Amino acid sequence: MTKMSLPRSLMLLGIMLSPEPSAAIEKLNCPFNFTSSDPSKLERMKALLPDADAMGSLGRLNSTIDTLRRDGMAKSQIVSHLVGAYCLIVAQESSQTDAEKAAKVRRFAGQITQLVYSLESGLDVIVNVPLAPDVVDALNATARKQGLSSSAWIAMTVENALQQ
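In structure tokens:
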């Protein structure tokens, strides 16, 4: 695998998985593949791969990311390998259309990128929670009034709620 910068990797992923405007995606193309000249390393990598519900198991993903970091893998390679592996797993699902599979891989790519690049200290965990647009607007307004970013306000609010 050639080394690519993260922005270039994500750009290629977005291009390859973007729905075509005039027609549905006919085939899901997984842009990254993971290979190794060391067969034992490749087998170990396969054992660490997430399943189709990977984001439901953040502990396993964090453990996988930690293992790959300890093995000396660069952040961009971790993202590429995990997205490529996840894409291959999702591609085998027969219950979803290729457009649904592509959307699922795009969501995973965004989430795994956040995990890989934010967990430097191992102290932070990112939790993705879907919110209605009006709730997000209220959240942003409240955070702004307090001079905080939305993320900082959410973290502060959750921490305060847990202390009660």
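When you line the sequence shown up against mature numbering (1 follows the signal peptide of the UniProt record, and there is no 0), it's residues -23 to -1, 1 to 141, in that order.
Every residue gets a Cβ at the ideal spot worked out from N, C-alpha and C, and that includes glycine.
In this text, all values refer to a predicted model and were calculated from it rather than measured experimentally.
- Inter-stretch contact at 8 angstroms, needing at least 3 Cβ pairs: the stretch 74 to 88 / the stretch 53 to 60: Yes, the stretch 74 to 88 is in contact with the stretch 53 to 60.
- Query: Is it buried or exposed for T41, if we count other Cβ within 10 angstroms and need 16 for buried?
  - Reply: Taking the first residue of the sequence shown as 1, we reach residue 41 at position 64. Counting C-beta atoms within 10 angstroms of its own C-beta, T41 has 16 or more neighbours from the protein chains shown and is therefore classed as buried.
- Message: Please state whether the Cβ-Cβ distance between L92 and C7 is less than 8 angstroms.
- Response: The count along the sequence shown starts at 1 and reaches residue 92 at position 115. The count along the sequence shown starts at 1 and reaches residue 7 at position 30. The Cβ-Cβ distance between L92 and C7 does not fall below 8 angstroms.
- By the 10 Å Cβ neighbour count, where 16 or more other Cβ atoms means buried, how is Q141 classified, buried or exposed? Start at 1 with the first residue of the sequence shown, and residue 141 comes out as number 164. By the neighbour-count rule (16 or more Cβ atoms within 10 Å), Q141 is not buried but exposed.
- Message: Do D75 and L125 count as a contact pair if the criterion is CB distance below 8 angstroms?
- Response: Along the sequence shown, read from residue 1 onward, the residue named residue 125 stands at position 148. Along the sequence shown, read from residue 1 onward, the residue named residue 75 stands at position 98. Contact: no.
- Rounded C-alpha distance that separates D114 from L35: For the purposes of this step, residue 114 is taken as the residue at position 137 of the sequence shown. For the purposes of this step, residue 35 is taken as the residue at position 58 of the sequence shown. Between the alpha carbons of D114 and L35 lies a distance of about 28 angstroms.
- Figure out for me which residue from D43, I131, T44, N39 has the closest Cα to the Cα of L108. Your numbering for residue 108 matches position 131 in the sequence shown. Closest by alpha carbon: I131.
- Query: Can you name, in chain order, every residue of its own chain whose Cβ lies under 8 angstroms from the Cβ of A68, other than the five neighbours on each side?
  - Reply: Locating residue 68 in the sequence shown gives position 91, counting from the first residue. Cβ neighbours of A68 beyond the five flanking positions: L5, C7, K78.
- Message: Can you look up I42 in the DSSP assignment and give me helix, strand or coil?
- Response: By one-based count along the sequence shown, residue 42 stands at place 65. In the displayed model, I42 falls within a helix according to three-state DSSP.
- Query: If you follow the alpha helix (DSSP H) that L116 is part of, which residue opens it and which one closes it?
  - Reply: Position 139 of the sequence shown holds residue 116. For L116, the enclosing alpha helix (DSSP H) has its first and last residue at 110 to 122.
- Message: What would DSSP say about L35, mapped onto helix, strand or coil?
- Response: As a working mapping, residue 35 is identified with position 58 in the sequence shown. DSSP, read as helix, strand or coil, puts L35 in helix.
- Query: If N117 and S127 are in contact, beta carbons under 8 angstroms, what's the gap, nearest whole angstrom?
  - Reply: Within the sequence shown, residue 117 is the residue found at index 140, counting from 1. Within the sequence shown, residue 127 is the residue found at index 150, counting from 1. In this structure, N117 and S127 form a Cβ contact; the two beta carbons are roughly 5 angstroms apart against a cut-off of 8 angstroms.
- Query: So is L139 buried or exposed if we call it buried at 16+ other beta carbons inside 10 Å?
  - Reply: Within the sequence shown, numbered from 1, the residue matching residue 139 stands at position 162. Exposure of L139 is indicated by the presence of fewer than 16 other C-beta atoms within 10 angstroms of its C-beta.
- Look up S126 in the DSSP assignment and say whether it is helix, strand or coil. Position 149 of the sequence shown, counted from the start, is the residue given in the question as residue 126. Coil.
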